[in-house]
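Below you'll find the structure, written out as structure tokens, and then a few comments.
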Amino acid sequence: MIFKIQKIYINNISVFLFLPYNIYKGGIILKYGVFLIMLLILMGCSSNSPAGTLSDKDTNPNVNIIKEVEPDWLKHHYLSDNMDRGNHDYYDQVLVIDPTVIPSSYTRGDIVFFSNSTNDQMISRVIALPGEKVSISDGQIFINNKKLDAFYGKAHRLGFDKNSYFPAMDKAGIEYNKEGMMDTFNTSMKERELSENEYFVVSDDWMRGTMQPLEQGDIIGKVLGYQYGYKN
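Numbering-wise (full-length UniProt numbering), the sequence shown opens with residue 1 and increments by one.
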């Protein structure tokens with residue numbers, strides 16, 4: 001049997017099909033569509049994310065205002081600026097925390113309330129889930145070698161990324177340590193594989209916050225938002 005090679009593109013990736021000559025000669029007609037569909041499935045193609053990326057378009061950067069606090073929820077007056085995205089986010093607010101959330105149900109993008117190694121109570125955002133591999137290269141987070149495409153997926157300071165921070169500070173006439181800020185925006189971390197009992201959390205403000213693995217047992221609860229009526 002004689003074969004012809006047909007080149008097609010799927011998600012900007014070149015794919016070569018080896019087609020019998022009689023099929024190639026007449027073109028790929030409808031009855032061979034099943035073959036292409038199966039090929040797409042096997043390749044795991046996705047219309048939602050480009051190849052090599054992991055997207056989170058569901059997490060909302062805005063903070064919820066909680067008007068009714070359930071009896072088993074916790075309230076905590078938070079006085080750290082590690083989650084500041086330019087609006088003093090979470091700082092000097094009464095946070096509402098749900099301690100009843102099953103630890104295994106936390107998802108990427110959730111903000112959790114936890115005790116750190118010095119028993120200080122902190123909040124940070126879940127970046128990587130149990131069993132995943134996480135790394136950082138020049139301020140960009142990667143999960144299982146895929147670029148994390150999310151508003152929290154790369155280094156930020158006061159809500160600005162590297163490309164927008166310096167022009168914004170210069171325009172406002174605000175002094176800053178350029179060398180120190182470049183170090184923050186170019187943060188790198190070798191790949192780390194999380195255990196089945198670990199999450200990896202990162203603060204929204206990389207200069208003021210923390211990035212660390214966090215065991216499920218250290219998580220106190222999920223941050224739902226601000227309590228209504230206190231400075232909001």
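By construction, the Cβ of each residue, glycine as well, lies at the ideal position given by its N, Cα and C atoms. Every value quoted in this text rests on a predicted model; they were computed, and no experiment measured them.
- By the CB criterion at 8 angstroms, G109 and R125 fall inside the cutoff.
- Using a Cβ distance threshold of 8 angstroms, I127 and T187 do not count as a contacting pair.
- The closest CA to that of Y78, considering only D72, G209, Y90 and E70, is found on Y90.
- When Cβ pairs closer than 8 angstroms are counted between the two stretches, the segment 204 to 218 is seen to touch the segment 148 to 164, the count reaching three or more.
- For E68, there is no enclosing alpha helix (DSSP H), since its DSSP letter is neither H nor E.
- Of the candidates H76, F113, D98 and G173, F113 places its Cα closest to the Cα of Y199.
- In the three-state reduction of the DSSP assignment, D81 falls in the coil class, being assigned neither a helical nor a strand state.
- The closest CA to that of R192, considering only N64, W73 and L129, is found on L129.
- Taken atom to atom, the span from the alpha-carbon of S105 to that of D81 is near 27 angstroms.
- Shortest Cα-Cα distance from K231 to any of G180, P61 and N87 involves N87.
- Nearest C-alpha to T107 among V223, Q121 and G229: V223.
- When secondary structure is reduced to three states using DSSP, P103 falls in the helix class.
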